[in-house]
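Following: one structure in structure tokens, then a few remarks.
Number of protein chains: 4
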Amino acid sequence: MTRIVTVGAAQLGPIARNETRSQAVRRMVDLMRQAKAKSCDVVVFPELALTTFFPRWFMSDQAEVDAYFEREMPGPETRPLFEAAVDLGIGFYLGYAELVEEGERTRRFNTSIIVDKAGKIVGKYRKIHLPGHHEHEPWRAFQHLEKRYFEPGDLGFGVWRAFGGIVGMALCNDRRWPETYRVLGLKGVELMMLGYNTPLHYPPVPEHDHLQAFHNHIVMQAGAYQNGTWIVAVAKAGREEGCDLLGQSCIIAPTGEIVAMCSTIGDELIVADCDLDRCKEIKDNVFRFDYYRQPEHYRLIVETKGVVPCP
Amino acid sequence: MTRIVTVGAAQLGPIARNETRSQAVRRMVDLMRQAKAKSCDVVVFPELALTTFFPRWFMSDQAEVDAYFEREMPGPETRPLFEAAVDLGIGFYLGYAELVEEGERTRRFNTSIIVDKAGKIVGKYRKIHLPGHHEHEPWRAFQHLEKRYFEPGDLGFGVWRAFGGIVGMALCNDRRWPETYRVLGLKGVELMMLGYNTPLHYPPVPEHDHLQAFHNHIVMQAGAYQNGTWIVAVAKAGREEGCDLLGQSCIIAPTGEIVAMCSTIGDELIVADCDLDRCKEIKDNVFRFDYYRQPEHYRLIVETKGVVPCP
Amino acid sequence: MTRIVTVGAAQLGPIARNETRSQAVRRMVDLMRQAKAKSCDVVVFPELALTTFFPRWFMSDQAEVDAYFEREMPGPETRPLFEAAVDLGIGFYLGYAELVEEGERTRRFNTSIIVDKAGKIVGKYRKIHLPGHHEHEPWRAFQHLEKRYFEPGDLGFGVWRAFGGIVGMALCNDRRWPETYRVLGLKGVELMMLGYNTPLHYPPVPEHDHLQAFHNHIVMQAGAYQNGTWIVAVAKAGREEGCDLLGQSCIIAPTGEIVAMCSTIGDELIVADCDLDRCKEIKDNVFRFDYYRQPEHYRLIVETKGVVPCP
Amino acid sequence: MTRIVTVGAAQLGPIARNETRSQAVRRMVDLMRQAKAKSCDVVVFPELALTTFFPRWFMSDQAEVDAYFEREMPGPETRPLFEAAVDLGIGFYLGYAELVEEGERTRRFNTSIIVDKAGKIVGKYRKIHLPGHHEHEPWRAFQHLEKRYFEPGDLGFGVWRAFGGIVGMALCNDRRWPETYRVLGLKGVELMMLGYNTPLHYPPVPEHDHLQAFHNHIVMQAGAYQNGTWIVAVAKAGREEGCDLLGQSCIIAPTGEIVAMCSTIGDELIVADCDLDRCKEIKDNVFRFDYYRQPEHYRLIVETKGVVPCP
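Protein chains in written order, with our numbering: chain E, -2 to 308; chain F, -2 to 308; chain W, -2 to 308; chain U, -2 to 308.
Structure below.
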């Protein structure tokens, strides 16, 4: 058995508000075909890859919000992705807005799935670290209402055996939090997939706008190195409905080195051979957890949510 | 009250095996004088700053090992540092090997202290993440026997009110572990001081040697950003007893940007004005812990030391 | 004689259109005082440091343009800088718009000067690489009319003996052109000073906006390394009249390493000890010009201005 | 006609002194097959790719030196590369030591060629910037006798129409010199290929050893950006006969961004789609030569080889 997974990071350019899921899916299937020509085993798509990034608008009509959500996966419009997986023999990671009815209760998550080469869903993740805000804040150039439109994920940070290794998922803002990587690392993750939608402009602290690209990479490079895992991180990029979204989708080695990066802000496929056995270079040495970690001193990480006042 | 702390990172070049503590202290006092001319409030010295990095040798005679340890702080040879603090009105951080007798028991730690402008010790830290190995491994070009010569620290990751802010400490390998920063971050740290001795050559994985400088910075830059803290990280650098030690001592802003860095591998002072109020740019926004963290999903971080096997 | 020059990079935040030169000068004198407390020998101010960056507006009235120009240096409003130099014993580099009458002809340059600790102008440079455009281009979010308001510099790239070494100057867009560094390098430059005003937004290719910070540093780091020179590069930064200007003013070692960097976008002083003797680490070795250069193969650099069509 | 060239950077791990050219060629053909599976149009191999890096030894016997040189290209041992090009429909760049007899005179060059998909040599380059030294210097850990074993190239920096664009070449140390990129840039280069052998240890200034990886990238990233060209740079890497060679082979976009990088120090193929039309993003804007360059001020670049003393 080979432990090399050829991964494609399939960045998407902007999706306009009036574009249909089918249009987006056609672009994704085209990227899957490109990936086939590069011998990919799996392709990673962005977060909320089927529509425009709708949390940028305040919508008082819940039906208008819900129109951006999927009630089944696959559904009629997303089925071509699953068919392409089977036809081409390529798995994929996909981010989308998920609506589930649980008895009386309607629940909404920012979700991603991993689909294998047989077109079967092998894992699901619901975003845990929801960024943005709950209420309409008209002073912002645009809204970021993930905290309003989604619940925090309830499935934890899972890993799955897929593509010959141990695969984990995360979404966008999760990548800023070292806990994300560490929990997955403690589960032995070898290949982490995540999609993102990251505006270049951060309204609360615009004086950091020029650091968006730097921040995007530094957290993931540290996370990859500190846990000895490959990371594939994929953007929806470009000027979408007047909002500039960061590109620079990338594939990161367990050493923290970026081994492939998109340099456009449109639809773009980049590819790297990820040798999962190379995770051991890190996991068995500088970050050998069972030899070096001292969890008795980490308790505050779970015992408090916010800062504990200094006496 | 001003919240700007002018910090000096006082890198040391090599200390030969036959150099005395007094020689090292003279170099440090000279750096403190340079710091005075730059209006510093506090100076950060390296880990184990008083002697050569003795864990690089296997010594079977415990008395030979113990000769590198301090039994009192200050003692006769280190007192000039405390006197200089008072004379110059400059605090300091110092790393040293600490030997304490507790009844029948002799304990040894890799320790650092913060001393204020009045020459008073305001905080002590004992290194928690001891790197290296326990046994003599003659296949290595040099040993790294911290696990043999020290116990893991027993004081946790503390913070103290000093220099007008909340100050924390760590030592060398601690900086690679995101838990270090996060525990301090949850205690509100605004200024983190740490010393290090980092060989360029890592015997278990020499194919990563060219990444030492990259790894040194990336973990600290991510840690600073993810917790909104200033970090001052100071090396003992240069070719010490045939072993090349990384320099690139640096001062990092809460944005993760390196704002000052040493570019020699000898004794060198760099200085930056650290505005502790700027921590809020991060702490109150992108990393507002109480709004965004989800500790119920982090439990594995404290419930396991090593990797949990994937089913 | 010591060859260490303690340099301050004195970044300015925005200057509003209605602010006077005297207001700007007061801020600069305050930065010089801060520099004194850090034992600086010389302070570097930005390009066009006395007023708002006026080439961002199309003005059809030449008198309105000329109001931004200096006809004497020092003049009544700039004299306090020269007096502060003498009082504090600190030299400075200053960028400003220079208007000279040569007989019938009025000439306008984007100029910088070096002033020594005695308040004497020891060198003048007129910007050679004028960026931007000649004509009003209303499609842009803002204009960049340096090519309209200035002539290209007519003084070449000069060096001067000052502060114990060989000092050269450049301005803003000059730093993007390797020829700038090379001509100065061939004149033995050891310390290069330059000011800049760099909008984060580049209207012709907005898809590169997120790369402004990267581009700013990479050209200067390469230039420093390839010529073995210290570089001090200083921005006017922040949101000036609705236009975001890059900060990240920095001091770069002859190794290409950034040894100090501003992390705000306001008035900020950073300091580094620049040991001019360290230039030899590069100049006498990897970039020993007389041993390695092959000028007979470089002729195209001077024989053509634009691209020569490929047959 | 499409302007996307799919490029493979085919890094080689070490080649022992006793390995034959045929062994190296087999490894290269294997990399070409991998490249085929990734739809590559062209593959770039390292400098002196057929043998160990022989300039690291002083050899007094010229016949021993000459054994490392090629007298014909292709010859019996290198023909499989040309046959693979035809079979697979993939062009390649190859570096090798070239020996030519010109009448009485034997000339030796450090050479590279571009071979098209039909197996035809379309361009040849002879290394202009020879690094290292002429004489045996036994104090070094290893020699670097390129200046002894080769003449400087006599063909200038050429470009050729190939793979749908304008392609140029350089070799190893050439990449440190901005003149290399600029001459090629003035000839309109869109895709620059270069191979290198770069020891991690630089005997004259060992205190810079930890900067080798940084220096390798920074010069090429600046060169790509300043000339708006793709660069494919490929190492012979790893521990070769006791000498550690830098890897980090990479593909760089005209923006200066690294879009693919090797993360091992062995045989490794990385791939990127290089859209040659994207060069215009840079060439027609920030580095529009005919609009911005001022060659009258660059004359020193060709008028002197070494530094001109400052008065």
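Cβ coordinates follow ideal geometry from the N, Cα and C atoms, glycine included.
None of the values given here were measured: they were computed from a predicted structure.
Is it buried or exposed, residue i, if we count other Cβ atoms within 10 angstroms and call 16 or more buried?
i, result
"W:A13", "exposed"
"E:E61", "exposed"
"F:W136", "exposed"
"F:K184", "buried"
"U:H126", "buried"
"W:I118", "exposed"
"W:S260", "buried"
"F:E237", "buried"
"W:R172", "buried"
"F:G120", "buried"
For residue i, which beta-bridge partners are listed by DSSP?
i, result
"W:D272", "W:I1"
"F:I248", "F:V229 and F:A257"
"U:G165", "U:V156 and U:M189"
"U:Q209", "U:Q209 is not bridged to any residue."
"E:L78", "Its beta-bridge partners do not exist; DSSP assigns none."
"F:Y93", "F:T108"
"F:R236", "F:D241"
"E:P196", "E:L242"
"U:L266", "U:A7"
Determine, using beta carbons only, whether residue i comes closer than 9 Å to chain E.
i, result
"W:R173", "no"
"F:Q245", "no"
"F:E278", "yes"
"F:K121", "no"
"U:V268", "yes"
Counting only beta-carbon atoms, is residue i nearer than 9 Å to chain F?
i, result
"U:P201", "no"
"W:T226", "no"
"E:Q140", "no"
"U:R236", "yes"
"U:D241", "yes"
"E:L183", "yes"
"W:T252", "yes"
Quick check on DSSP: helix, strand or coil for residue i?
i, result
"W:R105", "strand"
"E:D241", "strand"
"F:E69", "coil"
"F:E99", "strand"
"U:G86", "coil"
"U:P203", "helix"
"U:Y178", "helix"
"E:M217", "helix"
"E:R53", "helix"
"W:K277", "helix"
"F:D58", "coil"
When you compare the CB of residue i with every CB in chain U, is at least one pair closer than 9 Å?
i, result
"F:E204", "yes"
"F:I311", "This structure cannot speak to residue 311 of chain F, because chain F is shown only from -2 to 308."
"E:M258", "yes"
"W:G220", "yes"
Can you find a C-beta in chain W that's less than 9 Å from the C-beta of residue i?
i, result
"E:I262", "yes"
"E:Q209", "yes"
Sequence ranges, beta strand (DSSP E) only - wholly within the segment 111 to 157 of chain W, length at least 3
118 to 123
Scan the segment 9 to 48 of chain F and note each continuous alpha helix (DSSP H) run of 4 residues or more that stays entirely inside, going in chain order.
18 to 33
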